[in-house]
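Participant:
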């Protein structure tokens, strides 16, 4: 199946822990993204990587660190988790900018 | 400050009738607009888009209308089907922006189509 896949789908963890969310796309796209859907349901961009290079970093705390080992992967590592980090995180990829954006199914992170 | 707004959080429509979902934007630099459909526990899936050089784009039962002067776009679904029940997100992009072609999303409208 050609897709954007992210794991895990659900993640429950305690405050202060460090966790990672993995994302892989086999669409051959050059650009990958992380979006956050907050409690008000707005989807907001966090990071954008193009061919392993960071392009966008939208006022995200330093506790969030994206890592792109190759252009098919963009992982999100979060240090010292806080209650306010609870949200659904979506990975996405695209080949031609805003055209052909494909989203993963999301990771629901709950910090307790 | 939300640059893309969907002022109706929900909409209920009878099967077979028209569904009209609305979206307003404030950033005049946006030149490409998209609609995404989202089912629970799934990611948004692309539905239809429109460039700012057009005022209408049609794909089967789905039509998007763009009114640039009013900074308003709408999605029409006709006829509506129960399977259309989902959350619909409006999104916008500035294609000339070299910073990575991010999408700016509205807050979504939950459409419920009743049989």
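Residue numbers (my numbering), protein chains in the order written: chain A, 1 to 112; chain B, 1 to 115.
Here a beta-carbon is modelled for each residue, glycine too, at the ideal position from N, C-alpha and C.
1. Does any C-beta atom of chain B lie closer than 8 Å to the C-beta of residue 39 (chain A)?
2. Report the neighbours of residue 28 (chain A) on chain B: residues whose CB is nearer than 9 Å to its CB, in chain order.
3. Pick out whichever of A:24, A:60, A:8 has its Cα sitting closest to the Cα of residue 84 (chain A).
4. Can you grab the Cα-Cα spacing for the pair residue 116 (chain B) / residue 6 (chain B), in whole Å?
5. Express the C-alpha separation of residue 34 (chain A) and residue 47 (chain A) in angstroms, rounding to a whole number.
6. Out of B:81, B:93, B:112, B:114, point me to the one whose CA is closest to residue 104 (chain B)'s CA.
7. Can you give the Cα-Cα distance for residue 22 (chain B) and residue 50 (chain B), rounded to whole angstroms?
8. Helix, strand or coil for residue 24 (chain B), going by three-state DSSP, please let me know.
9. What in chain A is Cβ-close to residue 22 (chain B), meaning under 7 Å?
10. Kindly say whether residue 102 (chain B), judged by its beta-carbon, lies nearer than 8 Å to any beta-carbon of chain A.
Facilitator: So, from the data block:
1. As a working note, residue 39 (chain A) is residue 39 in the first chain. Answer no: the Cβ-Cβ gap between residue 39 (chain A) and chain B never drops below 8 Å.
2. Reading the first chain from its first residue, position 28 is the one you call residue 28 (chain A). Those do not exist, as residue 28 (chain A) stays about 17 Å from chain B at its closest Cβ, beyond 9 Å.
3. Here residue 84 (chain A) refers to the residue found at position 84 when the first chain is read from its first residue. Checking every option, the nearest Cα to that of residue 84 (chain A) belongs to A:60.
4. Any property of residue 116 (chain B) remains undetermined from this structure, which presents chain B solely from 1 to 115.
5. Within the first chain, the letter at position 47 stands for residue 47 (chain A). Within the first chain, the letter at position 34 stands for residue 34 (chain A). Cα to Cα, the separation comes out at about 5 Å.
6. Position 104 of the second chain, counted from the start, is the residue given in the question as residue 104 (chain B). Closest option to residue 104 (chain B), Cα to Cα, is B:93.
7. Here residue 22 (chain B) is taken as the residue at index 22 of the second chain, counted from 1. Here residue 50 (chain B) is taken as the residue at index 50 of the second chain, counted from 1. If you take the alpha carbons of residue 22 (chain B) and residue 50 (chain B), they lie about 14 Å apart.
8. As a first step, residue 24 (chain B) must be located in the second chain, where it is residue number 24. Three-state DSSP puts residue 24 (chain B) in a strand.
9. As a position in the second chain, residue 22 (chain B) is number 22, starting the count at 1. Those do not exist, as residue 22 (chain B) stays about 16 Å from chain A at its closest Cβ, beyond 7 Å.
10. Stepping through the second chain from its first residue, residue 102 (chain B) is reached at position 102. At least one chain A Cβ lies under 8 Å of residue 102 (chain B).
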